[in-house]
Amino acid sequence: MDLLSGNRSISHNRTAMAGVLLESSTVVGQKKDQGFPDFKHKTVEKALWTDKRFNPPWVHSRLAAMVQCQQQGQSTPESSGRAVRIEQLWQEFYSDPSKWWDNRYIKRTPKYPDFKHKNTNEGLWVEDSLNPSWVKEKMAAMAWNQTQSGGGLKSKVLASFGNGDEVCKLCGEGKLKEALHIVELMVEQNTQAPINSYVGLLKGCAKRKALAEGKQVHALIVECGLDLNTFIGNLLVDMYAKCGSMLDARKVFNTMPKHNLFSWTAIISAYANLGEGDEAIDLFQQMQQTGIVPDKVVFVVVLKACGRIAALEQGKSLHAQIIKSGFESDVIVGSALVDMYAKCGCLEHGRQVFNNMHERDVVSWNVMIAGYAQKGLGKEAIDLYEEMKQEDVQPSNVTYVVLLNACASIAALEQGKQLHSRIIKSGFESDVTVGNALVDMYAKCGCLEYGRQVFNNMHERNAVSWTAMIAGYAQQGLGKEALALYEQMKQEGVQPDNVTYVVLLKACASIAALEQGKKLHSHIITNGCELDLIVGSALVDMYAKCGSIEHACQVFNGMHERNVVSWNSMIAGYAQRGLGKEALTLYEQMKEECVQPDDVTYVVLLKACASIPALERGKELHSHIIRSGFEMDTIVCDALVDMYAKCGSIERALQVFNNMHERNVVSWTALIGGYVQQGLGKEALALYEQMKEEGMKPDNTTYVILLKACASVAAMKQGKELHSHIIRSGFESDVIVGSALVDMYAKCGSIEHARQVFNNMHERDVVSWNAMIAGYAQQGLGMEALIFLEQMQMEGTKPNEVTYVSVLSACSQSRLVDEGHQLFDSMCKDPGLTPTMDHYACMVDLLGRAGCLTDAENFINKMPVQPDVVVWMTLLGAARNHGHVEIGRRAFNSVVKLEPENAAAYVLLSNIYAAAPGCMRKQK
39 MDLLSGNRSI
49 SHNRTAMAGV
59 LLESSTVVGQ
69 KKDQGFPDFK
79 HKTVEKALWT
89 DKRFNPPWVH
99 SRLAAMVQCQ
109 QQGQSTPESS
119 GRAVRIEQLW
129 QEFYSDPSKW
139 WDNRYIKRTP
149 KYPDFKHKNT
159 NEGLWVEDSL
169 NPSWVKEKMA
179 AMAWNQTQSG
189 GGLKSKVLAS
199 FGNGDEVCKL
209 CGEGKLKEAL
219 HIVELMVEQN
229 TQAPINSYVG
239 LLKGCAKRKA
249 LAEGKQVHAL
259 IVECGLDLNT
269 FIGNLLVDMY
279 AKCGSMLDAR
289 KVFNTMPKHN
299 LFSWTAIISA
309 YANLGEGDEA
319 IDLFQQMQQT
329 GIVPDKVVFV
339 VVLKACGRIA
349 ALEQGKSLHA
359 QIIKSGFESD
369 VIVGSALVDM
379 YAKCGCLEHG
389 RQVFNNMHER
399 DVVSWNVMIA
409 GYAQKGLGKE
419 AIDLYEEMKQ
429 EDVQPSNVTY
439 VVLLNACASI
449 AALEQGKQLH
459 SRIIKSGFES
469 DVTVGNALVD
479 MYAKCGCLEY
489 GRQVFNNMHE
499 RNAVSWTAMI
509 AGYAQQGLGK
519 EALALYEQMK
529 QEGVQPDNVT
539 YVVLLKACAS
549 IAALEQGKKL
559 HSHIITNGCE
569 LDLIVGSALV
579 DMYAKCGSIE
589 HACQVFNGMH
599 ERNVVSWNSM
609 IAGYAQRGLG
619 KEALTLYEQM
629 KEECVQPDDV
639 TYVVLLKACA
649 SIPALERGKE
659 LHSHIIRSGF
669 EMDTIVCDAL
679 VDMYAKCGSI
689 ERALQVFNNM
699 HERNVVSWTA
709 LIGGYVQQGL
719 GKEALALYEQ
729 MKEEGMKPDN
739 TTYVILLKAC
749 ASVAAMKQGK
759 ELHSHIIRSG
769 FESDVIVGSA
779 LVDMYAKCGS
789 IEHARQVFNN
799 MHERDVVSWN
809 AMIAGYAQQG
819 LGMEALIFLE
829 QMQMEGTKPN
839 EVTYVSVLSA
849 CSQSRLVDEG
859 HQLFDSMCKD
869 PGLTPTMDHY
879 ACMVDLLGRA
889 GCLTDAENFI
899 NKMPVQPDVV
909 VWMTLLGAAR
919 NHGHVEIGRR
929 AFNSVVKLEP
939 ENAAAYVLLS
949 NIYAAAPGCM
959 RKQK
């Protein structure tokens, strides 16, 4: 049944196929291969088996009746009905053959009918077993008459295609192969195909990007000598360019014996459309050198090329030529000038041209509005739209798309909603492009509910629609929802494009969904998108952010082409994993390959320096930044402040901060964070006061750092004031801010306030629980910490390494040796957790505080990893507290082997020796 349309339609197919089936054997038992069908359709790939379990119950009775009819020389009802219709069609054919297409000598498969009605598309086959007996006699007579009247039958058939209109019609319908076959047969018969046949074929190939068929047409053109025709040459250039084969397009152009204005326009337009503006401008100059005067179409094309590559100076030169040529008053040229200036970032010149235009149509307004929107000047774009309405210019769908993009760029939700209402009134809501822009606007304004509502109500959705909605979820950090929507997209049969894959990879990166990212990678390879530069960079970024540096390196090294974005993604991957040295080494390799760093590169590299920390390398980068002209870039300056602060050079951080022309909340937060990291909590809080005086509002990150400052100096009063500001600012529901509040109150000694904040949190993560447990540990409340750990696990939050450090510390403070042992053992058995040196040090401290020094020493000796200085110093401290000279001496020897200059170890051993006689007397 797999050869039919489906189980539900088997009954229909069986009935419909009666009379047009080729019987494999009159008696089923006679066929040699049971896998071969009992009945097979003569013209289409359909087949039937009599013993299939999905057959309708009436099949066997009908089959028996059919066999009986055949044995008695009678026909079946189905075949009788079809035979009657076939006879009627043959009668219609012979009454007026001109109404039928003769396909006998152009069809490439027997499935295609020999004759096809021009209006009804019904078909006739000469060899059909149901044909009346008189058909072959009349067919032979018709062939004889055609032969006697001159010319072979094939020539007569080909002649029926006359002046090439049928070939053009087939090309318009997308039937390029059929049209091409007709022309090939004409060439074989030495029949000259009309020139419009080649025109239709070339335009059809260009429209459908059918390069293979286009090359076949080119070969036929050469064979019949039309390749020297300038008009055909222009079409060949256009066809190859639109099929993406610029080498062939340029080859045709270069071999043309003569170029006219249209030839130059075709090749210049081809390069402009591909974004190769430099080549387009160069060709334009060559054209002028040959003495050909440009028209307004060429000017528009070259202006487009200038806009593509932001070639402002060439654009200005063109503007001067346009004025001399008298085309400046042309509305199309004027609009192209506005567009060029806008895309070159020179909105003042664009607005000046716009204001001086004698006539402005909707396109002129659209390009000016788009110019503002592209520069992030959403308010100006919306103001210009209001001006457009005052001049009674009716907006188009493009106008609304551009305006929605403007709203999205400045998160202007209310204006976006107003535009939505006007779109509905204007009847553009059903336009798929406008619908996509609405989804995108709502998503970027953070209103996913409205975006999803628009998306669900769209009558037509394409890859852009799905991508916009998926991107909305990804931008809001809802990676799971984005991936779920992708699955729905696949179920509806919509093919993702490169942009979809980039957005999905960002979604995977945002939630560290490595496995889903790997599956996407497989789909990308299957769909042939892996070689795309942007997709490759997104793959590197996804793997790096998911913690798989190896996969990121593999993709990066396998990329055929790498741009600055690719290098930035890989460098950032190393920096995010704390591999600052590797990031800086890769930067050196990037320079060797002559890839120019951008502002993002410097930001990522400064983070790498901050992570190691590498102050000297940071200073070198600062020098490069100054030479590259990025010193005034706010984002780069923020990264410089952060790097100097984290590298311990507060003076330099402050110097960069004070020299900044523009400071944002990130700048202030970076400097405040630097003070906190250096243990200068009071100075950090003083800087916060200065920040408020300058009218800068803190964000959630600022509050988290300030709460750490309060915790570091036990500034409970300032902490409470911050808590009030946080509530007024609406950040109390932020889980990170809530966790920082719990931590601040706990470290300031107010467990009650910490517990109150914790209980009021709507959402709690492992950091929130850890802060509360650490608070109990700090206060020596070991049992409360253990109870809290149990509650944490009951509520479904899995403890991490930090949790166990806090709980083991609490057990140590409270001398809960057995409980501590049980916790450590359960952690070791958890496959998702690996004890670190901090956990081993906690266990040594636990045993040491309880006086179990021998057990503590044995624990160290049985550690699966080499103990560090902290572990041995913990044992040495316990030996001093309990006056154990021998264990103290052994611990001291282990410390000085690792750190010979450790002064604290000498002090502790000295204290042990000083207290030893007293201890001995006490023992006696």
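Those letters in the sequence shown? Residues 39 to 962, by the working numbering. The beta-carbon is built from N, C-alpha and C at its ideal position, and this holds for glycine as well.
Counterpart residues of residue i in DSSP-defined beta bridges
i: residue 138; result: 155
i: residue 441; result: DSSP, once it has assigned bridges, lists no residue as partnering residue 441.
i: residue 162; result: 153
Residue of the options minimising C-alpha distance to residue i
i: residue 530; options: 656, 752, 498; result: 498
i: residue 684; options: 452, 416, 652; result: 652
i: residue 158; options: 138, 173, 164, 171; result: 138
i: residue 33; options: 793, 615, 274, 897; result: With the chain represented from 39 up to 962, any question about residue 33 goes unanswered, as that position is not in the structure.
i: residue 451; options: 278, 436, 477; result: 477
i: residue 704; options: 714, 674, 545; result: 674
i: residue 698; options: 321, 676, 620; result: 676
i: residue 913; options: 942, 944, 879; result: 879
i: residue 717; options: 687, 732, 772, 582; result: 687
i: residue 449; options: 546, 411, 463; result: 411
i: residue 599; options: 580, 586, 628; result: 628
i: residue 23; options: 331, 847, 309, 262; result: An answer regarding residue 23 cannot be provided, because it is not within the stretch 39 to 962 covered by the chain.
i: residue 922; options: 641, 953, 868; result: 953
i: residue 845; options: 508, 858, 555; result: 858
i: residue 868; options: 842, 276, 408, 893; result: 842
i: residue 943; options: 920, 907, 924; result: 907
i: residue 535; options: 508, 514, 254, 295; result: 508
i: residue 381; options: 770, 405, 390; result: 405
Residue i vs residue j beta-carbon contact at 7 Å
i: residue 574; j: residue 548; result: no
i: residue 238; j: residue 206; result: yes
i: residue 738; j: residue 780; result: no
i: residue 431; j: residue 403; result: yes
i: residue 298; j: residue 268; result: yes
i: residue 852; j: residue 883; result: no
i: residue 438; j: residue 461; result: yes
i: residue 572; j: residue 540; result: yes
i: residue 622; j: residue 646; result: yes
i: residue 671; j: residue 637; result: yes
i: residue 373; j: residue 401; result: yes
i: residue 444; j: residue 473; result: no
i: residue 512; j: residue 544; result: yes
i: residue 811; j: residue 792; result: no
i: residue 714; j: residue 747; result: yes
i: residue 815; j: residue 777; result: no
i: residue 251; j: residue 243; result: yes
i: residue 422; j: residue 441; result: no
i: residue 318; j: residue 306; result: yes
First and last residue of the uninterrupted alpha helix (DSSP H) at residue i
i: residue 376; result: 369 to 381
i: residue 538; result: 536 to 548
i: residue 591; result: 587 to 596
i: residue 412; result: 400 to 412
i: residue 810; result: 804 to 816
i: residue 716; result: Segment: none, residue 716 is in no alpha helix (DSSP H) and carries neither H nor E.
i: residue 478; result: 470 to 482
i: residue 662; result: 653 to 666
i: residue 420; result: 416 to 428
Stretch pair the region 209 to 226 + the region 166 to 179: three plus CB contacts closer than 8 Å: no
Validate contact between the region 364 to 376 and the region 331 to 348 using beta carbons, cut 8 Å, 3 pairs: yes
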